[in-house]
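This report refers to the structure that appears directly beneath it.
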Amino acid sequence: MLRVRFAPSPTGYLHIGGARTALFNWLFARRHGGVFVLRIEDTDAERSSAEMVDGILDGMRWLGLDWDEGPGAGGAYGPYFQSERLDRYRAMADRLVADGRAYYCYCSENPCVCRALTPDDIAARERDRTPRAIRFRVPAGTMRFDDLVHGPIEFDGANIEDFVILRSDGHPTYQLSVVSDDVEMRITHVVRGDDHVSNTPKQILLYQAVGADVPQFAHVPLILGPDKKRLSKRHGATSVMEYARQGMLPEAMVNMLALLGWSPGGDRELFTRDELVAAFNLGGIGSANAVFNPEKLDWFNQQHIMRLDSGELARRVKPWLEAAGLWDDAYVGNQSAWFAAVLDLLKPRVRRLGDFAAQGRIFFARDIAYDEAAVAKHVRVAGMREHLTALDAALAALPGFDPASIEAAVRATAEARGVKASTVIHAARVAVTGKTVSPGLFEVLALVGRDRVHVRLAAAAELALPSGS
5 MLRVRFAPSP TGYLHIGGAR TALFNWLFAR RHGGVFVLRI EDTDAERSSA EMVDGILDGM
65 RWLGLDWDEG PGAGGAYGPY FQSERLDRYR AMADRLVADG RAYYCYCSEN PCVCRALTPD
125 DIAARERDRT PRAIRFRVPA GTMRFDDLVH GPIEFDGANI EDFVILRSDG HPTYQLSVVS
185 DDVEMRITHV VRGDDHVSNT PKQILLYQAV GADVPQFAHV PLILGPDKKR LSKRHGATSV
245 MEYARQGMLP EAMVNMLALL GWSPGGDREL FTRDELVAAF NLGGIGSANA VFNPEKLDWF
305 NQQHIMRLDS GELARRVKPW LEAAGLWDDA YVGNQSAWFA AVLDLLKPRV RRLGDFAAQG
365 RIFFARDIAY DEAAVAKHVR VAGMREHLTA LDAALAALPG FDPASIEAAV RATAEARGVK
425 ASTVIHAARV AVTGKTVSPG LFEVLALVGR DRVHVRLAAA AELALPSGS
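Structure representation (C-alpha coordinates):
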(Lines of atoms letter the chains of each structure in order from A; the text may use other names.)
(Lines give C-alpha, C1' and ligand atoms only; values in the text may rest on other atoms or scores of the structure.)
Protein backbone atom coordinates (compact mmCIF):
# COMPACT_ATOMS: atom_id res chain seq x y z
CA MET A 5 0.00 0.00 0.00
CA LEU A 6 1.18 3.51 -0.82
CA ARG A 7 2.29 5.34 2.32
CA VAL A 8 3.43 8.97 2.48
CA ARG A 9 4.24 11.38 5.27
CA PHE A 10 4.41 15.06 6.05
CA ALA A 11 7.11 15.76 8.60
CA PRO A 12 7.31 19.42 9.65
CA SER A 13 9.69 20.81 12.23
CA PRO A 14 7.88 22.85 14.93
CA THR A 15 10.35 25.71 14.76
CA GLY A 16 7.78 27.85 12.94
CA TYR A 17 4.12 27.87 11.99
CA LEU A 18 2.73 26.01 8.99
CA HIS A 19 3.82 28.23 6.12
CA ILE A 20 2.84 28.24 2.47
CA GLY A 21 5.67 25.98 1.33
CA GLY A 22 5.04 23.41 4.04
CA ALA A 23 1.30 23.50 3.43
CA ARG A 24 1.83 22.84 -0.28
CA THR A 25 4.07 19.85 0.54
CA ALA A 26 1.47 18.50 2.97
CA LEU A 27 -1.26 18.97 0.36
CA PHE A 28 0.66 17.13 -2.37
CA ASN A 29 1.25 14.19 -0.02
CA TRP A 30 -2.39 14.20 1.10
CA LEU A 31 -3.73 14.35 -2.46
CA PHE A 32 -1.38 11.57 -3.55
CA ALA A 33 -2.50 9.32 -0.70
CA ARG A 34 -6.19 10.03 -1.21
CA ARG A 35 -5.93 9.54 -4.98
CA HIS A 36 -4.48 6.05 -4.57
CA GLY A 37 -6.25 4.90 -1.41
CA GLY A 38 -3.01 5.15 0.55
CA VAL A 39 -2.02 6.26 4.04
CA PHE A 40 -1.06 9.80 5.01
CA VAL A 41 1.15 10.04 8.11
CA LEU A 42 1.80 13.23 10.09
CA ARG A 43 5.09 13.26 11.97
CA ILE A 44 6.41 16.18 14.02
CA GLU A 45 10.21 16.33 13.82
CA ASP A 46 10.87 17.97 17.18
CA THR A 47 14.26 16.58 18.16
CA ASP A 48 15.67 20.13 18.22
CA ALA A 49 14.36 20.85 21.71
CA GLU A 50 15.79 24.38 21.88
CA ARG A 51 14.01 25.59 18.75
CA SER A 52 10.80 23.53 18.96
CA SER A 53 7.77 24.67 20.93
CA ALA A 54 4.29 23.46 21.80
CA GLU A 55 2.93 26.72 20.38
CA MET A 56 4.42 25.94 16.99
CA VAL A 57 3.06 22.38 17.12
CA ASP A 58 -0.42 23.78 17.80
CA GLY A 59 0.04 26.20 14.91
CA ILE A 60 0.94 23.36 12.55
CA LEU A 61 -2.01 21.25 13.66
CA ASP A 62 -4.39 24.21 13.39
CA GLY A 63 -3.18 24.85 9.85
CA MET A 64 -3.59 21.21 8.84
CA ARG A 65 -7.10 21.07 10.26
CA TRP A 66 -8.10 24.36 8.65
CA LEU A 67 -6.95 23.06 5.27
CA GLY A 68 -8.79 19.79 5.87
CA LEU A 69 -5.65 17.65 5.59
CA ASP A 70 -6.57 14.82 7.93
CA TRP A 71 -3.97 12.17 8.78
CA ASP A 72 -4.61 8.46 9.04
CA GLU A 73 -2.70 7.05 11.97
CA GLY A 74 -0.68 7.86 15.03
CA PRO A 75 -0.84 7.60 18.81
CA GLY A 76 -4.29 8.07 20.30
CA ALA A 77 -7.45 6.16 20.99
CA GLY A 78 -10.76 5.75 19.24
CA GLY A 79 -9.50 7.09 15.95
CA ALA A 80 -8.52 10.43 17.55
CA TYR A 81 -5.02 10.17 16.21
CA GLY A 82 -2.34 12.53 17.32
CA PRO A 83 0.70 12.95 15.14
CA TYR A 84 3.90 11.04 15.78
CA PHE A 85 6.52 13.03 17.72
CA GLN A 86 10.18 12.27 17.18
CA SER A 87 11.00 13.42 20.71
CA GLU A 88 9.09 10.37 21.93
CA ARG A 89 11.10 7.99 19.75
CA LEU A 90 14.72 8.71 20.74
CA ASP A 91 15.44 5.14 21.86
CA ARG A 92 14.67 3.89 18.35
CA TYR A 93 17.22 6.23 16.80
CA ARG A 94 19.93 5.29 19.30
CA ALA A 95 19.26 1.62 18.66
CA MET A 96 19.69 2.12 14.91
CA ALA A 97 22.94 4.01 15.45
CA ASP A 98 24.28 1.23 17.69
CA ARG A 99 23.30 -1.35 15.11
CA LEU A 100 25.17 0.51 12.38
CA VAL A 101 28.29 0.63 14.59
CA ALA A 102 27.99 -3.08 15.33
CA ASP A 103 27.70 -3.82 11.60
CA GLY A 104 30.76 -1.73 10.81
CA ARG A 105 28.67 0.82 8.90
CA ALA A 106 29.35 3.58 11.43
CA TYR A 107 32.02 4.43 13.97
CA TYR A 108 32.58 6.48 17.11
CA CYS A 109 33.94 9.97 16.63
CA TYR A 110 35.80 11.74 19.45
CA CYS A 111 37.26 14.69 17.57
CA SER A 112 36.10 18.08 16.42
CA GLU A 113 38.26 18.10 13.32
CA ASN A 114 37.03 18.50 9.78
CA PRO A 115 37.44 16.14 8.10
CA CYS A 116 37.08 13.69 10.97
CA VAL A 117 40.17 11.59 11.74
CA CYS A 118 38.41 9.00 13.91
CA ARG A 119 37.68 6.59 11.07
CA ALA A 120 41.18 5.13 11.43
CA LEU A 121 41.22 4.82 15.22
CA THR A 122 42.46 1.50 16.58
CA PRO A 123 40.63 -0.36 19.36
CA ASP A 124 43.32 0.86 21.79
CA ASP A 125 42.72 4.48 20.71
CA ILE A 126 39.01 4.06 21.29
CA ALA A 127 39.53 2.46 24.69
CA ALA A 128 41.81 5.33 25.76
CA ARG A 129 39.23 7.91 24.80
CA GLU A 130 36.53 5.99 26.60
CA ARG A 131 38.63 5.96 29.78
CA ASP A 132 39.13 9.71 29.45
CA ARG A 133 35.33 10.05 29.07
CA THR A 134 35.82 12.02 25.89
CA PRO A 135 32.36 12.87 24.46
CA ARG A 136 31.64 10.77 21.43
CA ALA A 137 29.35 11.07 18.44
CA ILE A 138 28.61 8.44 15.84
CA ARG A 139 29.48 8.97 12.21
CA PHE A 140 28.22 7.00 9.24
CA ARG A 141 30.95 5.43 7.12
CA VAL A 142 30.26 6.69 3.58
CA PRO A 143 31.30 4.09 1.00
CA ALA A 144 33.17 5.01 -2.15
CA GLY A 145 31.43 5.04 -5.50
CA THR A 146 28.63 6.76 -7.34
CA MET A 147 25.00 6.46 -6.35
CA ARG A 148 21.99 7.16 -8.52
CA PHE A 149 18.30 7.54 -7.87
CA ASP A 150 15.37 8.28 -10.15
CA ASP A 151 13.52 11.32 -8.91
CA LEU A 152 9.86 11.25 -9.90
CA VAL A 153 10.01 14.96 -10.77
CA HIS A 154 13.56 15.58 -11.97
CA GLY A 155 14.51 12.19 -13.38
CA PRO A 156 17.89 10.49 -12.76
CA ILE A 157 20.17 12.21 -10.22
CA GLU A 158 23.70 11.05 -9.42
CA PHE A 159 26.07 11.75 -6.52
CA ASP A 160 29.69 10.82 -6.10
CA GLY A 161 30.41 9.35 -2.67
CA ALA A 162 33.81 11.03 -2.74
CA ASN A 163 32.01 14.35 -2.28
CA ILE A 164 30.12 13.24 0.83
CA GLU A 165 32.03 13.22 4.11
CA ASP A 166 31.34 10.72 6.86
CA PHE A 167 28.37 12.42 8.47
CA VAL A 168 27.24 12.46 12.08
CA ILE A 169 24.11 10.42 12.79
CA LEU A 170 24.10 10.57 16.60
CA ARG A 171 25.43 13.59 18.47
CA SER A 172 27.54 13.37 21.60
CA ASP A 173 24.49 14.31 23.70
CA GLY A 174 22.66 11.23 22.45
CA HIS A 175 20.30 13.11 20.13
CA PRO A 176 19.96 11.98 16.51
CA THR A 177 20.67 14.14 13.53
CA TYR A 178 18.00 14.72 10.92
CA GLN A 179 19.45 12.10 8.58
CA LEU A 180 19.20 9.29 11.13
CA SER A 181 15.81 10.12 12.62
CA VAL A 182 14.06 10.58 9.30
CA VAL A 183 15.35 7.30 7.90
CA SER A 184 14.58 5.39 11.10
CA ASP A 185 11.01 6.70 11.08
CA ASP A 186 10.47 6.18 7.36
CA VAL A 187 11.65 2.57 7.68
CA GLU A 188 9.45 1.83 10.69
CA MET A 189 6.45 3.62 9.21
CA ARG A 190 6.92 1.79 5.89
CA ILE A 191 6.95 5.00 3.83
CA THR A 192 6.87 4.16 0.13
CA HIS A 193 7.11 7.66 -1.36
CA VAL A 194 8.87 10.75 -0.05
CA VAL A 195 7.35 13.90 -1.55
CA ARG A 196 9.16 17.02 -0.34
CA GLY A 197 10.78 20.27 -1.43
CA ASP A 198 13.76 20.69 -3.74
CA ASP A 199 15.83 21.94 -0.82
CA HIS A 200 16.04 18.32 0.39
CA VAL A 201 17.71 16.93 -2.73
CA SER A 202 21.14 17.21 -1.10
CA ASN A 203 19.93 15.09 1.85
CA THR A 204 18.75 12.25 -0.35
CA PRO A 205 22.07 10.46 -1.05
CA LYS A 206 22.90 10.28 2.66
CA GLN A 207 19.47 8.91 3.42
CA ILE A 208 19.66 6.34 0.64
CA LEU A 209 22.94 5.11 2.09
CA LEU A 210 21.28 4.71 5.48
CA TYR A 211 18.33 2.80 4.03
CA GLN A 212 20.72 0.46 2.28
CA ALA A 213 22.92 0.08 5.36
CA VAL A 214 20.01 -1.27 7.44
CA GLY A 215 18.72 -3.43 4.61
CA ALA A 216 15.49 -1.47 4.13
CA ASP A 217 13.62 -0.76 0.91
CA VAL A 218 14.45 2.68 -0.43
CA PRO A 219 11.31 4.78 -1.00
CA GLN A 220 10.71 6.64 -4.22
CA PHE A 221 11.56 10.33 -4.06
CA ALA A 222 9.74 13.26 -5.63
CA HIS A 223 11.32 16.66 -5.00
CA VAL A 224 8.90 19.44 -5.80
CA PRO A 225 9.90 22.95 -6.91
CA LEU A 226 10.29 25.78 -4.44
CA ILE A 227 7.74 28.57 -4.06
CA LEU A 228 8.86 32.09 -4.90
CA GLY A 229 7.30 35.47 -4.25
CA PRO A 230 6.16 37.78 -7.07
CA ASP A 231 9.72 39.18 -7.19
CA LYS A 232 10.97 35.64 -8.05
CA LYS A 233 12.84 35.40 -4.75
CA ARG A 234 12.19 32.64 -2.24
CA LEU A 235 8.91 33.24 -0.44
CA SER A 236 9.46 34.89 2.93
CA LYS A 237 7.84 37.25 5.42
CA ARG A 238 8.71 40.24 3.25
CA HIS A 239 6.07 39.02 0.78
CA GLY A 240 3.37 39.35 3.43
CA ALA A 241 1.70 36.60 5.38
CA THR A 242 3.27 33.18 4.88
CA SER A 243 1.56 31.28 7.71
CA VAL A 244 -1.61 29.62 6.45
CA MET A 245 -3.47 30.58 9.62
CA GLU A 246 -2.63 34.21 8.99
CA TYR A 247 -4.49 33.88 5.70
CA ALA A 248 -7.39 32.32 7.60
CA ARG A 249 -7.39 35.37 9.88
CA GLN A 250 -7.47 37.56 6.77
CA GLY A 251 -10.72 35.99 5.64
CA MET A 252 -9.52 33.41 3.14
CA LEU A 253 -11.47 30.21 2.59
CA PRO A 254 -9.59 26.93 3.03
CA GLU A 255 -11.11 25.80 -0.29
CA ALA A 256 -9.42 28.73 -2.04
CA MET A 257 -6.07 28.12 -0.35
CA VAL A 258 -6.14 24.40 -1.20
CA ASN A 259 -7.09 25.19 -4.81
CA MET A 260 -4.25 27.67 -5.25
CA LEU A 261 -1.64 25.60 -3.41
CA ALA A 262 -2.42 22.61 -5.60
CA LEU A 263 -1.64 24.62 -8.71
CA LEU A 264 1.70 25.90 -7.38
CA GLY A 265 4.05 23.63 -9.26
CA TRP A 266 1.45 21.09 -10.38
CA SER A 267 -0.82 21.12 -13.40
CA PRO A 268 -3.75 18.84 -14.20
CA GLY A 269 -3.40 19.70 -17.87
CA GLY A 270 -5.51 22.21 -19.75
CA ASP A 271 -6.47 25.71 -18.70
CA ARG A 272 -8.91 24.92 -15.92
CA GLU A 273 -8.13 26.61 -12.60
CA LEU A 274 -11.11 26.13 -10.28
CA PHE A 275 -11.32 22.79 -8.48
CA THR A 276 -13.12 21.39 -5.49
CA ARG A 277 -11.16 19.24 -3.07
CA ASP A 278 -12.69 16.05 -4.49
CA GLU A 279 -11.86 17.13 -8.03
CA LEU A 280 -8.24 17.72 -7.04
CA VAL A 281 -8.04 14.24 -5.52
CA ALA A 282 -9.42 12.70 -8.70
CA ALA A 283 -6.99 14.61 -10.93
CA PHE A 284 -3.78 14.58 -8.90
CA ASN A 285 -0.72 12.71 -10.08
CA LEU A 286 2.98 13.22 -9.47
CA GLY A 287 3.59 13.36 -13.20
CA GLY A 288 1.89 16.75 -13.30
CA ILE A 289 4.52 18.31 -11.03
CA GLY A 290 6.93 20.48 -13.01
CA SER A 291 10.58 21.13 -12.28
CA ALA A 292 10.37 24.94 -12.47
CA ASN A 293 9.87 27.00 -9.31
CA ALA A 294 6.33 28.23 -8.67
CA VAL A 295 5.29 31.82 -7.95
CA PHE A 296 2.84 32.65 -5.17
CA ASN A 297 0.70 35.66 -6.08
CA PRO A 298 -1.47 37.08 -3.26
CA GLU A 299 -3.71 38.83 -5.79
CA LYS A 300 -4.39 35.51 -7.46
CA LEU A 301 -5.31 34.07 -4.07
CA ASP A 302 -7.88 36.86 -3.68
CA TRP A 303 -9.34 35.83 -7.03
CA PHE A 304 -9.54 32.18 -5.99
CA ASN A 305 -11.17 33.24 -2.74
CA GLN A 306 -13.81 35.30 -4.49
CA GLN A 307 -14.57 32.45 -6.86
CA HIS A 308 -15.01 29.96 -4.03
CA ILE A 309 -17.15 32.45 -2.07
CA MET A 310 -19.42 32.59 -5.12
CA ARG A 311 -19.74 28.79 -5.00
CA LEU A 312 -20.97 28.62 -1.40
CA ASP A 313 -24.69 28.17 -0.90
CA SER A 314 -26.48 30.71 1.29
CA GLY A 315 -26.57 28.53 4.39
CA GLU A 316 -22.88 27.69 4.30
CA LEU A 317 -21.92 31.26 3.46
CA ALA A 318 -23.96 32.51 6.42
CA ARG A 319 -22.02 30.15 8.70
CA ARG A 320 -18.69 31.39 7.37
CA VAL A 321 -19.66 35.07 7.58
CA LYS A 322 -21.14 34.93 11.07
CA PRO A 323 -17.81 35.29 13.03
CA TRP A 324 -16.88 38.35 11.01
CA LEU A 325 -20.21 40.05 11.64
CA GLU A 326 -20.01 39.14 15.32
CA ALA A 327 -16.55 40.71 15.56
CA ALA A 328 -17.92 43.89 13.96
CA GLY A 329 -20.94 43.96 16.28
CA LEU A 330 -23.32 43.42 13.36
CA TRP A 331 -24.64 39.91 13.93
CA ASP A 332 -28.26 39.10 14.75
CA ASP A 333 -29.45 35.53 15.34
CA ALA A 334 -32.50 36.40 13.25
CA TYR A 335 -30.22 36.17 10.20
CA VAL A 336 -30.38 32.40 10.53
CA GLY A 337 -33.96 32.53 11.81
CA ASN A 338 -36.94 34.48 10.52
CA GLN A 339 -34.71 36.86 8.52
CA SER A 340 -32.71 34.11 6.81
CA ALA A 341 -34.22 34.75 3.37
CA TRP A 342 -33.43 38.47 3.62
CA PHE A 343 -29.92 37.73 4.91
CA ALA A 344 -29.29 35.32 2.04
CA ALA A 345 -30.43 37.97 -0.44
CA VAL A 346 -28.00 40.50 1.07
CA LEU A 347 -25.13 38.02 0.86
CA ASP A 348 -26.01 37.21 -2.74
CA LEU A 349 -25.96 40.90 -3.61
CA LEU A 350 -22.56 41.38 -1.98
CA LYS A 351 -20.93 38.18 -3.27
CA PRO A 352 -19.63 39.55 -6.58
CA ARG A 353 -18.01 42.53 -4.84
CA VAL A 354 -16.15 40.83 -1.98
CA ARG A 355 -12.77 39.13 -2.00
CA ARG A 356 -12.49 38.09 1.65
CA LEU A 357 -14.96 37.14 4.34
CA GLY A 358 -14.32 40.35 6.26
CA ASP A 359 -15.58 42.31 3.27
CA PHE A 360 -19.11 41.17 4.08
CA ALA A 361 -18.94 43.11 7.34
CA ALA A 362 -17.36 46.19 5.77
CA GLN A 363 -19.63 46.34 2.73
CA GLY A 364 -22.70 44.96 4.49
CA ARG A 365 -22.76 47.56 7.24
CA ILE A 366 -25.31 49.57 5.23
CA PHE A 367 -27.72 46.63 5.65
CA PHE A 368 -26.84 45.39 9.11
CA ALA A 369 -26.31 48.65 11.04
CA ARG A 370 -28.96 51.15 12.05
CA ASP A 371 -26.73 54.15 11.39
CA ILE A 372 -24.25 54.84 8.62
CA ALA A 373 -21.20 57.05 8.29
CA TYR A 374 -21.07 59.60 5.50
CA ASP A 375 -18.13 60.13 3.20
CA GLU A 376 -17.84 63.92 3.46
CA ALA A 377 -16.50 64.27 -0.07
CA ALA A 378 -19.48 62.30 -1.38
CA VAL A 379 -21.91 64.49 0.57
CA ALA A 380 -20.27 67.66 -0.71
CA LYS A 381 -20.44 66.46 -4.33
CA HIS A 382 -23.89 64.91 -4.50
CA VAL A 383 -26.00 66.03 -1.51
CA ARG A 384 -24.91 69.45 -0.33
CA VAL A 385 -25.98 71.09 -3.61
CA ALA A 386 -28.72 73.61 -4.37
CA GLY A 387 -32.19 72.10 -4.68
CA MET A 388 -31.23 68.63 -3.40
CA ARG A 389 -33.27 69.04 -0.21
CA GLU A 390 -36.46 69.26 -2.24
CA HIS A 391 -35.36 66.43 -4.57
CA LEU A 392 -34.69 64.05 -1.66
CA THR A 393 -37.91 65.00 0.11
CA ALA A 394 -39.88 64.35 -3.10
CA LEU A 395 -38.14 60.99 -3.54
CA ASP A 396 -38.89 60.03 0.04
CA ALA A 397 -42.58 60.76 -0.52
CA ALA A 398 -42.63 58.82 -3.79
CA LEU A 399 -41.04 55.75 -2.19
CA ALA A 400 -43.40 55.92 0.78
CA ALA A 401 -46.37 55.83 -1.60
CA LEU A 402 -45.26 52.66 -3.39
CA PRO A 403 -47.54 49.66 -2.85
CA GLY A 404 -44.56 47.33 -3.08
CA PHE A 405 -40.92 48.01 -2.22
CA ASP A 406 -39.14 45.97 -4.87
CA PRO A 407 -36.25 47.01 -7.18
CA ALA A 408 -38.42 47.56 -10.25
CA SER A 409 -40.95 49.73 -8.41
CA ILE A 410 -38.15 51.69 -6.71
CA GLU A 411 -36.41 52.36 -10.02
CA ALA A 412 -39.63 53.62 -11.56
CA ALA A 413 -40.21 55.95 -8.60
CA VAL A 414 -36.66 57.33 -8.72
CA ARG A 415 -36.83 58.05 -12.43
CA ALA A 416 -40.30 59.56 -12.18
CA THR A 417 -39.15 61.85 -9.35
CA ALA A 418 -36.18 63.04 -11.38
CA GLU A 419 -38.38 63.74 -14.39
CA ALA A 420 -40.94 65.60 -12.27
CA ARG A 421 -38.16 67.68 -10.68
CA GLY A 422 -36.64 68.50 -14.05
CA VAL A 423 -33.24 66.93 -13.36
CA LYS A 424 -31.32 63.99 -14.76
CA ALA A 425 -32.07 60.63 -13.21
CA SER A 426 -28.37 60.27 -12.39
CA THR A 427 -28.57 63.36 -10.17
CA VAL A 428 -31.20 61.77 -7.95
CA ILE A 429 -29.58 58.32 -8.12
CA HIS A 430 -26.18 59.60 -6.95
CA ALA A 431 -27.73 61.61 -4.12
CA ALA A 432 -29.92 58.70 -3.00
CA ARG A 433 -26.92 56.35 -3.01
CA VAL A 434 -24.96 58.69 -0.73
CA ALA A 435 -28.01 59.25 1.48
CA VAL A 436 -28.64 55.52 2.02
CA THR A 437 -25.11 54.07 1.92
CA GLY A 438 -22.93 57.06 2.83
CA LYS A 439 -20.74 56.36 -0.21
CA THR A 440 -20.59 56.93 -3.94
CA VAL A 441 -20.05 53.24 -4.71
CA SER A 442 -22.34 50.33 -3.84
CA PRO A 443 -24.09 47.41 -5.48
CA GLY A 444 -27.06 48.31 -7.70
CA LEU A 445 -28.93 51.15 -6.00
CA PHE A 446 -32.45 49.80 -6.51
CA GLU A 447 -31.52 46.38 -5.10
CA VAL A 448 -29.78 48.10 -2.19
CA LEU A 449 -32.83 50.23 -1.34
CA ALA A 450 -35.12 47.22 -1.50
CA LEU A 451 -32.95 45.25 0.95
CA VAL A 452 -32.28 48.18 3.30
CA GLY A 453 -36.05 48.41 3.58
CA ARG A 454 -38.64 51.14 3.32
CA ASP A 455 -38.40 52.30 6.95
CA ARG A 456 -34.65 52.68 7.09
CA VAL A 457 -34.55 54.25 3.63
CA HIS A 458 -37.02 56.86 4.87
CA VAL A 459 -34.88 57.63 7.93
CA ARG A 460 -31.73 57.97 5.86
CA LEU A 461 -33.30 60.09 3.13
CA ALA A 462 -34.73 62.43 5.77
CA ALA A 463 -31.34 62.71 7.47
CA ALA A 464 -29.60 63.44 4.17
CA ALA A 465 -32.23 66.06 3.30
CA GLU A 466 -31.17 67.95 6.44
CA LEU A 467 -27.63 68.06 5.04
CA ALA A 468 -28.75 69.11 1.58
CA LEU A 469 -29.19 72.66 0.36
CA PRO A 470 -32.63 74.04 -0.58
CA SER A 471 -33.38 75.68 -3.89
CA GLY A 472 -31.87 79.11 -4.37
CA SER A 473 -28.87 78.39 -2.15
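Note that my numbering has the sequence shown beginning at 5, numbered continuously upward. Glycine is no exception: its CB is placed at the ideal position from the N, C-alpha and C atoms.
Would you mind sorting residue i into buried or exposed? The rule is 16 or more other CB atoms within 10 Å of its CB.
i           : result
residue 310 : exposed
residue 325 : buried
residue 364 : buried
residue 168 : buried
residue 77  : Caution applies to residue 77, whose pLDDT of 47 falls short of 50 and renders its modelled position unreliable; the model cannot decide the point.
residue 442 : buried
residue 5   : exposed
residue 472 : exposed
residue 122 : exposed
residue 114 : exposed
residue 270 : exposed
residue 338 : exposed
residue 541 : Outside the shown range of the chain (5 to 473) lies residue 541, about which nothing can therefore be said.
residue 445 : buried
residue 294 : buried
residue 186 : buried
residue 511 : This structure leaves residue 511 out entirely; the chain is present only between 5 and 473.
residue 418 : buried
residue 43  : buried
Assuming residue i contacts residue j (C-beta within less than 8 Å), just tell me the rounded distance between them.
i           : j           : result
residue 189 : residue 9   : 6 Å
residue 221 : residue 258 : Not really, about 24 Å apart at Cβ, beyond 8 Å.
residue 119 : residue 213 : Residue 119 to residue 213, Cβ: 15 Å. No contact.
residue 525 : residue 421 : What the structure shows of the chain is the stretch from 5 to 473, and residue 525 is not part of that stretch, so it cannot be assessed.
residue 32  : residue 263 : Actually they do not touch by this definition, with Cβ atoms about 15 Å apart.
residue 35  : residue 284 : 5 Å
residue 267 : residue 288 : 5 Å
residue 154 : residue 291 : 6 Å
Taking 6 Å as the limit between beta carbons, can you name the residues of its chain near residue i, skipping five residues before and five after?
i           : result
residue 201 : 223
residue 45  : 11, 13 and 86
residue 275 : 259
residue 75  : 82
residue 66  : 248 and 254
residue 328 : 361
Pick out whichever of the options has its Cα sitting closest to the Cα of residue i.
i           : options               : result
residue 281 : 13, 20 and 38         : 38
residue 231 : 298, 104 and 146      : 298
residue 468 : 409, 407, 374 and 442 : 374
residue 429 : 5, 400, 396 and 404   : 396
residue 146 : 136, 134, 132 and 162 : 162
residue 360 : 323, 269 and 47       : 323
residue 22  : 292, 196 and 366      : 196
residue 139 : 267, 158 and 98       : 98
residue 305 : 350, 355, 342 and 265 : 355
residue 340 : 368, 125 and 353      : 368
residue 165 : 158, 187 and 142      : 142
residue 409 : 381, 380 and 454      : 454
residue 312 : 268, 431, 347 and 228 : 347
residue 335 : 350, 127, 226 and 318 : 318
residue 456 : 423, 440, 405 and 84  : 405
residue 366 : 381, 343, 386 and 385 : 343
residue 300 : 316, 273 and 320      : 273
residue 370 : 303, 458 and 399      : 458
residue 227 : 199, 129, 245 and 216 : 199
Going along the chain, which residues of its own chain have a beta-carbon closer than 7 Å to the beta-carbon of residue i, five neighbours each way excluded?
i           : result
residue 435 : 383, 392, 460, 461 and 464
residue 156 : 148 and 150
residue 476 : This structure does not reach residue 476, given that the chain is present from 5 up to 473, and the question cannot be answered.
residue 94  : 170 and 174
residue 407 : 446, 447 and 450
residue 137 : 109, 168, 170, 171 and 172
Which residues in the same chain have their Cβ closer than 8 Å to the Cβ of residue i, if we skip the five residues on either side of it in sequence?
i           : result
residue 117 : 111
residue 218 : 149, 208, 211 and 212
residue 25  : 10, 195, 196, 197 and 224
residue 277 : 68, 255 and 258
residue 390 : 421, 470 and 471
residue 345 : 451
Handout entry: Cβ contact check for the stretch 202 to 209 and the stretch 177 to 185: 3 or more pairs under 8 Å
Key = yes
Practice task
Count the C-beta pairs between the stretch 406 to 415 and the stretch 447 to 460 that are closer than 8 Å, then say yes if the count reaches three, no if not.
Solution key: yes
Exercise for the section: Specify whether the stretch 56 to 68 and the stretch 17 to 35 touch according to this definition: at least 3 beta carbon pairs, one from each stretch, less than 8 Å apart. Expected result: yes
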